[in-house]
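Enquirer:
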Amino acid sequence: MKKLGITSLSLALALGLSTLPVMLKAAPNTTGTVATTSVAPATTASKVAGPQVKKEQAAVTDESTVSINTATAEEFAKVMNGVGMKKAQAIISYREELGQFTDIEQLREVPGIGAALFERNKDRLKL
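Numbered according to mature numbering (1 follows the signal peptide of the UniProt record, and there is no 0), the sequence shown spans residues -26 to -1, 1 to 101.
1. Suppose contacts are defined by Cβ-Cβ distances below 8 Å. Is L101 in contact with I42 by that definition?
2. Please classify L81: does DSSP put it in a helix, a strand, or coil?
3. Throw me the rounded Cβ distance for the residue 109 and G56 pair, which I believe falls under 8 Å.
4. Quick check on the DSSP output: the alpha helix (DSSP H) that includes R98 runs from which residue to which?
5. Taking all protein chains shown into account, do 16 or more other C-beta atoms lie within 10 angstroms of the C-beta of L72, making it buried, or fewer, making it exposed?
6. Straight-line CA distance for I87 to K96?
Given below as structure tokens:
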């Protein structure tokens, strides 16, 4: 009789523990409701901060354009993504040898300035 009681208890304990991983996986779903509630104010706060960030980005975009006909190497390197001093100097050398650019697309003809680099920076360029 004792063996049957111990076996039953062991079996009940094993079954109870075997459902533990399932319960742990289910637990975040029940706390997810609470977490969603606590996340909602953060989302509201991010919506409030969102326009401020966009205004700052717009200001940076306005200030981060560079004229390909008048910029120095330092300005090119500072404003253009993926352009260091070497490529910036290549742009200036090209401009000095062949004259001012008549179209922004001409920048692709500069050695070291490929299509991908041009596309990444075309919004930062002006004549």
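Positions of the beta carbon are idealized from the N, C-alpha and C atoms, including for glycine.
Expert: Looking at the coordinates:
1. yes
2. helix
3. Because the chain in this structure spans residues -26 to 101, residue 109 falls outside the shown range and cannot be described.
4. Run containing R98: none; DSSP gives neither H nor E here.
5. exposed
6. 12 Å
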